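Notes follow the structure.
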Amino acid sequence: MSFAVKARTIAALGLGNVARVAAYRLGLKSGLGPVRRLKDVEPAIGPFFRPRPSSMQNLPVSHAWETEAVYFGRHRFPIGDGPPDWLKNPITGRRLENADRHWWQIADFDPAIGDIKVIWEASRFDWLLAGAQRAAAGDAAALARLELWLDDWCRRNPPYRGPNWKCGQETSIRVMHLAMAALMLGNEGAPTAGLKRLLDIHLRRIEPTVGYAIGQDNNHGTSEAAALFIGGSWLAANGHPRGRHWEALGRRLLENRVGRLIERDGSFSQYSLTYHRVLLDTLIMAEVWRRRFELEPLSSKARERMAAAARWLFAMIDPRSGDGPNLGANDGARLLPLTDTDYRDFRPTVQAAMTLFCDKRAYAERGSWDAPLAWLGIAAAEAASEPVGSTQFDDGGYAVLRKGVAMALLRYPRFRFRPAQADALHVDLWVEGANILRDAGTFSYNTDAATLDRFAGTAGHNTVQFDGRDQMPRLGRFLYGEWLNAHSVAFDAAQEQASAGYTDWRGATQNRAVQLEANRLTVRDGLSGRFVRAVLRWRLQPGPWKLDGQTLSNGRNTLRIAADVPIARIDLTTGEESLYYLEKHPVPVLEIEVNDPGTLTSELSWP
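Going by the working numbering, the residue at position 505 of the sequence shown is 1740; the numbering climbs one at a time, nothing skipped.
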């Protein structure tokens, strides 16, 4: 890739962010970075928690991690008599050797262990939340096992050695989960010496790398800010000499990250449904903690942005299933798994976020989505939000159309932050809770380039691909160049219409207009500019689809294709999608190829 493309990408990322990341990496290699100056210390020693003073038997508990370990909300592995192997990848069966090395000596993408996220998953302490619920409900054996596992983790992951200390965000998630477990067990007011020691060790690891986290302009910064704020205020309330420093640093970073990364309309910098949930789960934990300790509220600007972020996710979620478009990067993260609901049910987070930040229930009826309110002591709002109608989030590049039982999403490029997927003008369609037109998802970060492109690239979305290339050139595993800019954006909520276009770095242009009616979605794609071959893809709900000429049907839904130029090819093929991290399965994909500028019209109807 040319120097000019790289230079433009650096400018788009921001020179300050590039400098922060470069300084971090240079500090690691040279040994001069502050994180390299962390001293080896003895692990924390339990006990970490005490039994809850009064039982909470009336609340529903999660049964996750009771008999099976749950990875990424999907993959399940039997649990034996003892704790998990914190250094083993249960999917590949491989165990990391020489795990006593300093964390910075371990590669991010070591082929010997596969995806390091699998190693990290058990050390996020999801099991601690489920165990704390069961212990709070009076299960003494759950508390004993919780203590056993924490003690084993501390001994087998000595401070700052091994893979589970590599990432400041992973370290931060543990801090937040320790705090939420303490709340549920009624231990937050007087933590044990072992727990205070464990928090101290974690906050010392987080602080030196916050510059790198800020340079990412993503949820690393919000997670690490929240952990410093929560952990610092907790230690400060118990006399720790650095507690106030960490609390102030965390508050300052949280204000900064919320103000920068959340747009005025609630869109988040990562352009992802699951990462938006990670953001809100993080903010929920920070706000619950702030209220419990009666700390000063965040600024009015931060509160407005958090409320907008809650409304954004509320608008994206299907209230029947709790699911939503498989939009953007999806790494299997769910930071507040306090229910046994499916990973793809976003309603527990939506309900808690709307209640905390908007003082309104997202869902008026009672259900499993209310469990986080009860467990975290969030007072239930009396008023319920109005049903979501057609809404535009132009700061982030989203148009949500709703009509009757249907919802359509048009995604268009407003890239103020680095895009993770080449998904410009993707369209998602939901009818009565079923995802008819769908996104490929992510599958894995640690895979070959061809697989990355099949999922995150243009071919993984319901849009047009010109000349077999992505809409933007890939510069790295997590980085595209030549960021797109939308033009001709229009939105009409009353008519349920939206449109937008873009021109890529090689001069090919797509203009897309979307119209949603009570039983029909019509999409018109105008293609122009420099290209030899254009392929429109519709990634479909699995089922018995049959193609007859230019009409495709599964017996219930019918998709008709028309064009004002010759159609060179129309085929029903098979692609892949990933709804859960490290899981994929086949889906039908309709491909329509043309070789000339013109207009393609796709009309999908349902009963």
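Even glycine gets a Cβ: it sits at the ideal position worked out from N, Cα and C.
All of these numbers come straight from a predicted model, not from anything done at the bench.
Lysine 1352, enclosing alpha helix (DSSP H) - first and last residue: In the sequence shown, residue 1352 corresponds to position 117, counting from 1. Unbroken alpha helix (DSSP H) run through lysine 1352: 1351-1356.
Below 8 Å on the Cβ atoms is my contact criterion, and I expect glutamine 1586 with arginine 1596 to pass it. Report the Cβ-Cβ distance as a whole number of Å. As a first step, residue 1586 is located in the sequence shown; it is residue number 351 there, counting from the start. As a first step, residue 1596 is located in the sequence shown; it is residue number 361 there, counting from the start. That belief holds up - the Cβ atoms of glutamine 1586 and arginine 1596 are roughly 7 Å apart, short of 8 Å.
Member of Glu1459, Phe1650, Val1270, Gly1567 whose CA lies at the smallest distance from the CA of histidine 1722: For this step, residue 1722 is matched to residue 487 along the sequence shown. The shortest C-alpha separation from histidine 1722 is found at Phe1650.
Does DSSP put serine 1837 in a helix, in a strand, or in coil? Counting from one through the sequence shown, the residue named residue 1837 turns up at place 602. In this structure, serine 1837 counts as strand in the three-state DSSP scheme.
Tryptophan 1773, DSSP secondary structure in three states: Taking the sequence shown and counting its residues from 1, the one referred to as residue 1773 is at position 538. In the structure shown, tryptophan 1773 sits in a strand (DSSP, three-state: E or B).
So for proline 1708, helix, strand or coil by DSSP? Along the sequence shown, one-based indexing puts residue 1708 at 473. Coil at proline 1708, not helix or strand.
With 16 other CB atoms within 10 Å as the buried threshold, where does isoleucine 1280 fall? Indexing the sequence shown from 1 puts residue 1280 at position 45. The residue in question, isoleucine 1280, is exposed, as its Cβ has fewer than 16 Cβ neighbours within 10 Å.
Please classify leucine 1267 as buried or exposed, where buried requires at least 16 other C-beta atoms within 10 Å of its C-beta. As a first step, residue 1267 must be located in the sequence shown, where it is residue number 32. With fewer than 16 other Cβ atoms within 10 Å, it is exposed.
Please state if the CB of valine 1270 and the CB of tryptophan 1339 are separated by a distance shorter than 9 Å. Mapped onto the sequence shown, residue 1339 falls at position 104. Mapped onto the sequence shown, residue 1270 falls at position 35. Yes. Within cutoff.
Separation of aspartate 1630 from phenylalanine 1678, as counted between CA atoms: Within the sequence shown, the letter at position 443 stands for residue 1678. Within the sequence shown, the letter at position 395 stands for residue 1630. If I take the Cα positions, the gap works out to 27 Å.
What residue range does the beta strand (DSSP E) around leucine 1636 cover? In the sequence shown, the residue the question calls residue 1636 occupies position 401. Note, leucine 1636: beta strand (DSSP E), 1633-1638.
DSSP state of phenylalanine 1238 mapped onto helix, strand, coil: The residue given as residue 1238 occupies position 3 in the sequence shown. Phenylalanine 1238: helix per DSSP, three-state reduction.
CA-to-CA distance, phenylalanine 1690 to proline 1821, given in whole angstroms: Here the question's residue 1821 lines up with position 586 in the sequence shown. Here the question's residue 1690 lines up with position 455 in the sequence shown. Their Cα atoms are separated by approximately 12 Å.
Where in the region 1265-1335 do unbroken runs of the beta strand (DSSP E), each at least 3 residues long, occur, reported from the N-terminal end onward? 1303-1306, 1310-1313
Helix, strand or coil at leucine 1378 according to DSSP, with G and I counted as helix: As a first step, residue 1378 is located in the sequence shown; it is residue number 143 there, counting from the start. It is helical.
Does the separation of the CB atoms of valine 1800 and aspartate 1831 fall below 9 Å? Here residue 1800 is taken as the residue at index 565 of the sequence shown, counted from 1. Here residue 1831 is taken as the residue at index 596 of the sequence shown, counted from 1. Yes, they are a contact pair.
Would a C-beta distance cut-off of 9 Å place valine 1523 and leucine 1591 closer than the cut-off? As a first step, residue 1523 must be located in the sequence shown, where it is residue number 288. As a first step, residue 1591 must be located in the sequence shown, where it is residue number 356. Yes.
For methionine 1419 versus methionine 1291, is the C-beta distance shorter than 9 Å? Walking along the sequence shown from the start, residue 1419 turns up at place 184. Walking along the sequence shown from the start, residue 1291 turns up at place 56. In this structure, methionine 1291 lies closer than 9 Å to methionine 1419 by Cβ.
Assigned secondary structure, arginine 1791 (DSSP; H/G/I helix, E/B strand, else coil): Locating residue 1791 in the sequence shown gives position 556, counting from the first residue. If DSSP states are grouped into helix, strand and coil, arginine 1791 belongs with coil.
Is the region 1322-1331 in contact with the region 1366-1379, if contact means three or more CB pairs nearer than 8 Å? no
Determine the DSSP secondary structure at threonine 1698, reduced to helix, strand or coil. Reading the sequence shown from its first residue, position 463 is the one you call residue 1698. Residue state, collapsed to three classes: coil.
Between which two residues does the alpha helix (DSSP H) holding arginine 1517 run? Here residue 1517 corresponds to residue number 282 of the sequence shown, with the count starting at 1. In the sequence on display, residue 1517 carries threonine and not arginine. Taken as a continuous stretch (DSSP letters only), the alpha helix (DSSP H) holding threonine 1517 covers 1508-1527.
Which listed residue (Asp1335, Glu1356, Leu1331) has its alpha carbon closest to that of tyrosine 1307: As a working note, residue 1307 is residue 72 in the sequence shown. It should be noted that the sequence gives phenylalanine, not tyrosine, for residue 1307. The candidate whose alpha carbon is nearest that of phenylalanine 1307 is Glu1356.
Report, in whole angstroms, the separation of the C-beta atoms of glutamate 1442 and phenylalanine 1464, which I expect to be a contact under 8 Å. Taking the first residue of the sequence shown as 1, we reach residue 1442 at position 207. Taking the first residue of the sequence shown as 1, we reach residue 1464 at position 229. The pair is not a contact, with the Cβ atoms about 12 Å apart (cut-off 8 Å).
For the alpha helix (DSSP H) containing phenylalanine 1592, list its first residue and its last residue. In the sequence shown, the residue the question calls residue 1592 occupies position 357. Segment 1582-1593, the alpha helix (DSSP H) holding phenylalanine 1592.
Closest residue to leucine 1548 among Ser1534, Gly1624, His1511 (Cα-Cα distance): Residue 1548 sits at position 313 when you count from the first residue of the sequence shown. The candidate whose alpha carbon is nearest that of leucine 1548 is His1511.
What would DSSP say about glutamate 1405, mapped onto helix, strand or coil? Taking the sequence shown and counting its residues from 1, one reaches residue 1405 at position 170. It is helical.
For the beta strand (DSSP E) containing serine 1535, list its first residue and its last residue. Here residue 1535 is taken as the residue at index 300 of the sequence shown, counted from 1. Serine 1535 -> not in any beta strand (DSSP E); alpha helix (DSSP H) instead, spanning 1535-1551.
Taking 9 Å as the cut-off, decide whether the C-beta atoms of leucine 1839 and leucine 1794 are in contact. Your numbering for residue 1839 matches position 604 in the sequence shown. Your numbering for residue 1794 matches position 559 in the sequence shown. The answer is yes: Cβ separation under 9 Å.
Which same chain residues, not among the five before or five after isoleucine 1552, have their C-beta less than 8 Å away from its C-beta? Counted from its first residue, the sequence shown places residue 1552 at position 317. These residues qualify, in order along the chain: Asp1558, Gly1559, Phe1581, Arg1582, Val1585.
Which of the three DSSP states, helix, strand or coil, is assigned to isoleucine 1449? As a position in the sequence shown, residue 1449 is number 214, starting the count at 1. The answer is helix: DSSP assigns isoleucine 1449 an H, G or I state.
Rounded to whole angstroms, what's the CA-CA distance from glutamate 1405 to aspartate 1275? Just pull it up for me. Mapped onto the sequence shown, residue 1405 falls at position 170. Mapped onto the sequence shown, residue 1275 falls at position 40. Roughly 19 Å separates the two Cα atoms.
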